[in-house]
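J.:
In the working numbering, the protein residues as written are 2 to 474.
If you want it as structure tokens, here you go:
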């Protein structure tokens, strides 16, 4: 539970950090920073995500003691990818490869991709061994340094190069205090097995490729916005996308950490059919959480924007968010409701198919729509790609399992979200923004909770009553 709590706190701090950096940099500099950061994300995912997946699936305290070759092989993989990345970056800079960014910002993006890969690798090692205190220290140091280096760099220089450098510094430096605790003395590099490395890479390939495809759709949208309307408009689009994604991903990932383990346990104890039924119950719970989040976020947008969004982004932020949110909700459902179906049925290639749909549809719309006439069409193209991916993923999931969600529950969630939105809508302009946001959030959450429990969506009412009865008097 400590690791889950730290994960949620880390996501919340990253959410606040993004708003602070945008507020200090302003739209144009933030636009350049966001494109560089997306490149760093693609580098991190394509180069290092398979190592994190390998750690999550195969590494543990037991394997650390009994199979030092595994950690040695993982270390070899990290070293090989890092050297390859360094060589490619140097070659790109030497050849003057033009990606629309200054050479210093491109180099910073590559360095940040490497540093984040190192951080995520070490974080996965800590989680795999259930080292709550080590994981918490790793996250705390990174976030503390990020606030100082990124926000401080933005404040002092207004230059995205220094901000991206701060991101790299905070991720890499956070590893230093926990390096000894996460070191495996017996995992000598001589024990590394290249054949095993290929197995690890093949295991993670479909998921990695899917994530890269989603990120390339994101990068294409930002690049098109910068090319057609300038980096200031790209920055406004990027902030709305980033914050919406973080809201959806934070809540979805926090649920997924717990819910997917229930499906794995059902698979081990009662077989595949029981696991598939559990996955469908999980999907209903994910929808139960994400649907009101999206609805409430949009309903209270004026208060949210006035309180938390910088002056240079206001107005455009809300407009972009309304266009993007259907797609961002669809993305969250793909990641946390549909992908678990593909995982439990061992058809992870379906996850790649859905991501490629998002990339192809987004790319086709970006090329075909008159982007220079209206910047909002770029956001619409990205949202349409994500919705298309969800629809294809839904069709694939239905073919892979005979289990089905409870349609009554899904209808109850939609109805409760609608009633909640109707109740909080008049509160969006009451008093100062902090009062409006707090009041709307509290009233909306209370109304939604009552309606969901009254309808017993996902058996939540029975679960809650059983927990209450089980508590000692």
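Glycine is no exception: its CB is placed at the ideal position from the N, C-alpha and C atoms.
#1: May I have the straight-line CA-CA distance separating residue 35 from residue 464, to the nearest angstrom?
#2: Which residue's Cα is closest to the Cα of residue 120: 179, 102, 70, 98?
#3: Would the beta-carbon of residue 438 fall within 8 Å of that of residue 304?
#4: Tell me whether residue 431 is buried or exposed, calling it buried when 16 or more other Cβ atoms sit within 10 Å of its Cβ.
#5: Sorted by chain position, which residues of the same chain lie with C-beta nearer than 6 Å to residue 387's C-beta, five sequence neighbours on each side aside?
#6: Where residue 153 and residue 306 are concerned, what is the direct C-alpha to C-alpha distance, given to the nearest angstrom?
#7: For residue 367, which three-state DSSP category applies?
#8: In terms of residues, what are the limits of the alpha helix (DSSP H) holding residue 219?
#9: Return the chain-ordered ranges of every alpha helix (DSSP H) run that is complete within the segment 260 to 303 and spans a minimum of 4 residues.
#10: Taking the straight line between their C-alpha atoms, what separation do you get for residue 452 and residue 422?
#11: Mark residue 189 as exposed unless 16 or more other C-beta atoms lie within 10 angstroms of its C-beta, in which case mark it buried.
#12: Helix or strand or just coil, what does DSSP make of residue 375?
#13: Is the distance from the Cβ of residue 243 to the Cβ of residue 32 below 8 Å?
#14: Is residue 395 near residue 351, with beta carbons less than 8 Å apart?
#15: Counting Cβ pairs closer than 8 Å, one from the segment 270 to 280 and one from the segment 335 to 349, do we hit at least three?
#16: Is the beta carbon of residue 355 closer than 8 Å to that of residue 222?
#17: Taking contact to mean 3 or more Cβ pairs, one atom from each stretch, closer than 8 Å, check whether the segment 251 to 259 and the segment 47 to 65 are in contact.
#18: Going by beta-carbon coordinates alone, are residue 60 and residue 71 separated by less than 8 Å?
#19: Only counting runs of 3 or more residues, tell me where the beta strand (DSSP E) segments fall wholly within the segment 105 to 142, in order along the chain.
#20: Would residue 126 and residue 209 qualify as a contact pair, given that the criterion is a beta-carbon distance under 8 Å?
#21: Please state the DSSP three-state secondary structure of residue 60.
T.: Reading it off the structure:
#1: Position 34 of the chain shown, counting from 1, holds the residue named residue 35. Position 463 of the chain shown, counting from 1, holds the residue named residue 464. Approximately 42 Å between the Cα atoms of the pair.
#2: If you number the chain shown from 1, residue 120 lands on position 119. With distances taken between Cα atoms, residue 120 lies closest to 179.
#3: What you label residue 438 is simply residue 437 of the chain shown in a count that begins at 1. What you label residue 304 is simply residue 303 of the chain shown in a count that begins at 1. Contact: yes.
#4: Sequence index remark: in the chain shown, residue 431 carries index 430 (1-based). Residue 431 is exposed by the Cβ-count criterion.
#5: Position 386 of the chain shown, counting from 1, holds the residue named residue 387. So the qualifying residues of the chain are 328, 331, 332, 359.
#6: Taking the first residue of the chain shown as 1, we reach residue 153 at position 152. Taking the first residue of the chain shown as 1, we reach residue 306 at position 305. Their Cα atoms are separated by approximately 23 Å.
#7: As a first step, residue 367 must be located in the chain shown, where it is residue number 366. Residue 367: helix per DSSP, three-state reduction.
#8: Translated into the one-based positions of the chain shown, residue 219 becomes position 218. It spans 195 to 230 - the alpha helix (DSSP H) in which residue 219 sits, taken as one unbroken run.
#9: 273 to 300
#10: Numbered from its first residue, the chain shown carries residue 452 at position 451. Numbered from its first residue, the chain shown carries residue 422 at position 421. Spanning the two alpha carbons is a distance of roughly 13 Å.
#11: Reading the chain shown from its first residue, position 188 is the one you call residue 189. Per the 10 Å Cβ criterion, exposed.
#12: By 1-based counting over the chain shown, the position of residue 375 is 374. Here residue 375 sits in coil by DSSP.
#13: Within the chain shown, numbered from 1, the residue matching residue 243 stands at position 242. Within the chain shown, numbered from 1, the residue matching residue 32 stands at position 31. For residue 243 and residue 32, no; Cβs fall outside 8 Å.
#14: Position 394 of the chain shown, counting from 1, holds the residue named residue 395. Position 350 of the chain shown, counting from 1, holds the residue named residue 351. In this structure, residue 395 lies away from residue 351, with their beta-carbon atoms at least 8 Å apart.
#15: yes
#16: In the chain shown, residue 222 corresponds to position 221, counting from 1. In the chain shown, residue 355 corresponds to position 354, counting from 1. No. Outside cutoff.
#17: Three or more Cβ pairs closer than 8 Å define a contact, and the segment 251 to 259 falls short of that threshold against the segment 47 to 65.
#18: As a first step, residue 60 must be located in the chain shown, where it is residue number 59. As a first step, residue 71 must be located in the chain shown, where it is residue number 70. Yes, the Cβ-Cβ distance between residue 60 and residue 71 is below 8 Å.
#19: none
#20: Within the chain shown, the letter at position 125 stands for residue 126. Within the chain shown, the letter at position 208 stands for residue 209. The answer is no: Cβ separation not under 8 Å.
#21: As a working mapping, residue 60 is identified with position 59 in the chain shown. DSSP places residue 60 in coil when its eight states are reduced to three.
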